[in-house]
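When we follow our numbering, the leftmost residue of the sequence shown carries the number 58, and every step to the right adds one.
Idealized CB from N, CA, C, for every residue including glycine.
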Amino acid sequence: MLEDGEFTEDGTIDFGEAGTLDFSTIGTGWMGPSAIDGLTHGGISWRVDGGTGPLEGASGIITSNFTVSGSGDVADNQWGVIYVKD
């Protein structure tokens with residue numbers, strides 16, 4: 058976690074036989090208190106930096122909007138546009 062609720066992430070998503078996707082944060086994500094007591098909300102965008110298997114050379118962007126309850130329950134909505142080679 059960086060200052061003022063900002064954060065970054067990077068990693069690899071493994072889809073088994075469908076390959077992997079490597080991703081890294083575009084700028085920084087942010088999370089902080091929502092209008093509902095005890096609920097944190099935030100968002101982040103990731104760049105798809107490549108992949109393996111059928112996803113080799115993949116590119117694109119994935120976004121995430123999420124909430125985290127005081128007990129740690131997470132609701133996460135992710136949307137992405139991924140381009141792969143023919």
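Sequence-distant Cβ neighbours of Gly117 in its own chain, meaning closer than 7 Å and more than five residues away, are Val105, Gly137, Val138, Ile139, Tyr140. With contacts defined by Cβ atoms closer than 8 Å, Ser121 and Ile101 form a contacting pair. Less than 8 Å separates the beta-carbon of Thr77 from that of Gly108.
The secondary-structure analysis by DSSP pairs Ile118 across a beta bridge with Arg104, Val138. In the structure shown, the three-state DSSP call for Asp130 is coil. Straight-line measurement puts the Cα of Gly89 at about 5 Å from the Cα of Thr97. As the crow flies, the alpha-carbon of Leu59 is around 13 Å from that of Thr82.
In the structure shown, Glu63 falls within a strand segment according to DSSP collapsed to helix, strand and coil. Of the residues Gly73, Gly110, Leu112, Asp94, the one whose Cα lies closest to the Cα of Ser128 is Asp94.
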